[in-house]
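Residue 604 in this note's numbering sits at position 554 of the sequence shown, and the numbers go up by one each step.
No residue lacks a Cβ here, since even glycine has one placed at the ideal position from N, Cα and C.
Computed from a prediction, not measured in an experiment: that's the story for all the values here.
Following: one structure in structure tokens, then a few remarks.
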Amino acid sequence: MAEILKKVDVVTVGAGWTGGIIAAELTKAGLNVLSLERGHMQSTENFNFIHDEWRYGINYGLMQDCSKDTVTFRNDLKELALPYRKMGSFLLGNNVGGAGVHWNGWTFRFMPYDFEIKSRSFKRYGNKLGDDYTLQDWGLTYKDMEPYYDKFEKTCGISGEPNPLAEKMGSFRSSPYPQKPLENTKILKRFESTAKEMNLHPFRLPAANSRSGYTNPDGQELAPCEYCAFCERYGCEYGAKASPITTVIPKAMSTGKYTIRTYSNATQILKKDGKVTGVKFVDTRTMKEYIQPADIVVLTSYVFNNAKLLMVSEIGSQYDPKTGKGTLGKNYCYQMNMGTTAFFEEQFNTFMGSGALGTTCDDFIGDNFDHSREKFLHGAMIYSVQSGNRPIQSAPVPQGTPSWGAEFKKALNYNFTRNIFIGGQGASLPHKNNYLSLDPTYKDAFGMPLLRLTYNFTDQDRALHKFITDKTAQIAKRMKGVKSIKKGSYLKNYSIVPYQTTHNTGGTTMGANPEMSVVNTYLQHWDADNLFVVGAGNFQHNSGYNPTDTVGALAYRCAEGILKYHKSGKILV
Numbered sequence: 051m052a053e054i055l056k057k058v059d060v061v062t063v064g065a066g067w068t069g070g071i072i073a074a075e076l077t078k079a080g081l082n083v084l085s086l087e088r089g090h091m092q093s094t095e096n097f098n099f100i101h102d103e104w105r106y107g108i109n110y111g112l113m114q115d116c117s118k119d120t121v122t123f124r125n126d127l128k129e130l131a132l133p134y135r136k137m138g139s140f141l142l143g144n145n146v147g148g149a150g151v152h153w154n155g156w157t158f159r160f161m162p163y164d165f166e167i168k169s170r171s172f173k174r175y176g177n178k179l180g181d182d183y184t185l186q187d188w189g190l191t192y193k194d195m196e197p198y199y200d201k202f203e204k205t206c207g208i209s210g211e212p213n214p215l216a217e218k219m220g221s222f223r224s225s226p227y228p229q230k231p232l233e234n235t236k237i238l239k240r241f242e243s244t245a246k247e248m249n250l251h252p253f254r255l256p257a258a259n260s261r262s263g264y265t266n267p268d269g270q271e272l273a274p275c276e277y278c279a280f281c282e283r284y285g286c287e288y289g290a291k292a293s294p295i296t297t298v299i300p301k302a303m304s305t306g307k308y309t310i311r312t313y314s315n316a317t318q319i320l321k322k323d324g325k326v327t328g329v330k331f332v333d334t335r336t337m338k339e340y341i342q343p344a345d346i347v348v349l350t351s352y353v354f355n356n357a358k359l360l361m362v363s364e365i366g367s368q369y370d371p372k373t374g375k376g377t378l379g380k381n382y383c384y385q386m387n388m389g390t391t392a393f394f395e396e397q398f399n400t401f402m403g404s405g406a407l408g409t410t411c412d413d414f415i416g417d418n419f420d421h422s423r424e425k426f427l428h429g430a431m432i433y434s435v436q437s438g439n440r441p442i443q444s445a446p447v448p449q450g451t452p453s454w455g456a457e458f459k460k461a462l463n464y465n466f467t468r469n470i471f472i473g474g475q476g477a478s479l480p481h482k483n484n485y486l487s488l489d490p491t492y493k494d495a496f497g498m499p500l501l502r503l504t505y506n507f508t509d510q511d512r513a514l515h516k517f518i519t520d521k522t523a524q525i526a527k528r529m530k531g532v533k534s535i536k537k538g539s540y541l542k543n544y545s546i547v548p549y550q551t552t553h554n555t556g557g558t559t560m561g562a563n564p565e566m567s568v569v570n571t572y573l574q575h576w577d578a579d580n581l582f583v584v585g586a587g588n589f590q591h592n593s594g595y596n597p598t599d600t601v602g603a604l605a606y607r608c609a610e611g612i613l614k615y616h617k618s619g620k621i622l623v
């Protein structure tokens, strides 16, 4: 029998960006918060020997153990889903801080078009994609979100500069970025000058890598970035990359009202008479069961786990792609990457960089260009980022180079410092056959069904991917001093094997009514008013931007909603 623990005001499942923000805001307001984290405690001091590419870059030392919990995958409803046994397409974080510890730091706001994508697209183009694409507005606007974006960016000390297309997009800012952009480099200047020659509008990528020493509004300090090239898949030993363990979690801890219980795997959200009462969890070291009672429960783990917990707890209506009914698991989206590598005779310092040291253009994202003649909506940002080529994972060689042997080695040695990548990151729009559900066969180490991912790229994705790939090739060909280019392949079917991006979204979507969403615009569950669910699962679709800025902003909005609910005990509107 499960041991019942002392009741708390709020329990969160997960202690990453969303859990940390919720904890910081609620404890500052006087509430007692406890987070259940299935991994171990970690802090900046854990990363003194982090520059081990084999351990962290290849063997995923900071990631979830797929032998204990994972997802199953299939491309379509006719296939048998099989377990994801080794990290590939996306990297699931683990331990205190979660994926926010090993992120690169790209910190984009979604644009006004994103939050009203259905109404704006239908108004301009009609139902261009057809009914198989389940576009949906988010229930709020960019204007509603702006104060929360501002707060998250100040918490992180974002380094950035104004977007020259911001006025066209309607993306106003209430205040400038907290810090100036990161250092400019020879690589980025080459991309910028070419983009301007082509009448594009480049600007510096907003980065959570701190340009200089910075103290955020909560009093937490960030150090200057050292441009060491070990951001993605790694923790920052300098404390220069904004993460939950350098910002919101230490702040919550300082209040004396926050506790993190590690090695605690949540297995069920408990409910009674239309309310949730707490969370059942297992201590992963002893396998003993516990119940943590709470007045309010907040799901703050990753996209997949938030959806899975709701499903196994039978809270909400499971989406059925055959009938179109239900919302839980609906509108799962991903992203697409594309690009072209340009090769030169001159050398660049490609071995140096940081996760978000880059320059980008917004000319072909959102509805910033006329889609009337295109077979897709939305678009992609086009960028060049100097994140630093690491020796094992980086092998830039020209077209036609053998994949092994003496010629390959010679080409790799020569071209390692003589290349620039022009990339694109494309938006992912929801399709009726892309969704999350429980697997009927496979279970995790605790006897719970695995989450099943049914996903494939769509005709919309393929058309967008080809359009942007061609744009990157055009830019690469125009760069001063270019010797040759290597254009990326066009999109086919989705494979879960090679790494692409950890930008998984949807499944616990937000909206203005329960018929079209799982939670309301304060991330309060429609079926249990003391249950909140926050994360990228709330997205109705995925933009061409990175999700973290929007996730952080939603977490601040959710925290505000929880405080309102705690005071009034009412459904929020």
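Which two residues bound the contiguous alpha helix (DSSP H) that contains residue i?
{"i": "P197", "result": "192 to 206"}
{"i": "E610", "result": "598 to 618"}
{"i": "D164", "result": "162 to 165"}
{"i": "I237", "result": "236 to 247"}
{"i": "G69", "result": "67 to 78"}
{"i": "I525", "result": "509 to 528"}
{"i": "V532", "result": "No alpha helix (DSSP H) holds V532; the beta strand (DSSP E) holding it covers 532 to 537."}
{"i": "Y485", "result": "Run containing Y485: none in the alpha helix (DSSP H); it sits in the beta strand (DSSP E), 485 to 493."}
{"i": "V298", "result": "298 to 304"}
Indicate whether residue i and residue j have their beta-carbon atoms separated by less than 7 Å.
{"i": "S260", "j": "A216", "result": "no"}
{"i": "L486", "j": "A357", "result": "yes"}
{"i": "P214", "j": "F253", "result": "yes"}
{"i": "C411", "j": "H251", "result": "yes"}
{"i": "Q475", "j": "N592", "result": "no"}
{"i": "A586", "j": "V353", "result": "yes"}
{"i": "I71", "j": "A513", "result": "no"}
{"i": "H575", "j": "Q385", "result": "no"}
{"i": "M560", "j": "R240", "result": "no"}
{"i": "G285", "j": "A430", "result": "no"}
{"i": "A131", "j": "F140", "result": "no"}
If you follow the beta strand (DSSP E) that residue i is part of, which residue opens it and which one closes it?
{"i": "G474", "result": "469 to 476"}
{"i": "D579", "result": "Unbroken run through D579: none, as it is neither H nor E."}
{"i": "E364", "result": "No beta strand (DSSP E) holds E364; DSSP gives it neither H nor E."}
{"i": "Y340", "result": "339 to 349"}
{"i": "L501", "result": "499 to 504"}
{"i": "T62", "result": "58 to 63"}
Rank the options by C-alpha distance to the C-alpha of residue i and give the top, closest one.
{"i": "T191", "options": "R607, L613, G619, K614", "result": "R607"}
{"i": "G557", "options": "G306, G379, S545", "result": "G379"}
{"i": "N439", "options": "K425, D420, N399", "result": "N399"}
{"i": "G80", "options": "V623, K620, A609", "result": "A609"}
{"i": "D420", "options": "T122, Y175, V121, W156", "result": "Y175"}
{"i": "F517", "options": "M529, T265, F426", "result": "F426"}
{"i": "H616", "options": "N82, G138, K230", "result": "N82"}
{"i": "S326", "options": "D509, K372, L581, G602", "result": "The displayed chain sequence assigns Val, not Ser, to residue 326. The option with the nearest alpha carbon to V326 is L581."}
{"i": "I624", "options": "M51, K204, V58", "result": "In this structure the chain extends from 51 to 623, so residue 624 is not present and cannot be described."}
{"i": "W104", "options": "K78, R283, I341", "result": "R283"}
{"i": "G155", "options": "A279, L622, T377, S618", "result": "A279"}
{"i": "I208", "options": "S221, V583, T157, E196", "result": "T157"}
{"i": "T598", "options": "R88, A258, D577", "result": "A258"}
{"i": "L142", "options": "E129, Q114, H90", "result": "Q114"}
{"i": "E276", "options": "M498, M566, G450, M402", "result": "M402"}
{"i": "G602", "options": "P446, R159, S567, Y163", "result": "R159"}
{"i": "S404", "options": "W153, K201, K542", "result": "W153"}
{"i": "D164", "options": "F393, V60, D417, V146", "result": "D417"}
Quick test of your reading: residue i and residue j, contact by CB under 8 Å. State the CB separation rounded to the nearest angstrom.
{"i": "I415", "j": "K521", "result": "At roughly 11 Å, the Cβ-Cβ gap does not stay under 8 Å, so I415 and K521 are not in contact."}
{"i": "T62", "j": "V348", "result": "5 Å"}
{"i": "T350", "j": "T68", "result": "4 Å"}
{"i": "T334", "j": "R88", "result": "6 Å"}
So what does residue i bridge to, in DSSP terms?
{"i": "Y595", "result": "Looking at the DSSP assignment, Y595 forms no beta bridge with any residue, so it has no partner."}
{"i": "G408", "result": "V435"}
{"i": "M388", "result": "G474"}
{"i": "I310", "result": "S85"}
{"i": "H575", "result": "V569"}
{"i": "K325", "result": "K322"}
{"i": "W156", "result": "A257"}
{"i": "C116", "result": "Answer by DSSP bridge pairing: none, since C116 is not bridged."}
{"i": "Q368", "result": "L378"}
{"i": "N315", "result": "V332"}
{"i": "H553", "result": "For H553, which the question treats as bridged, DSSP gives no partner whatsoever."}
{"i": "P133", "result": "T122"}
{"i": "S209", "result": "Q229, A257"}
{"i": "K291", "result": "N259"}
{"i": "H481", "result": "Y183"}
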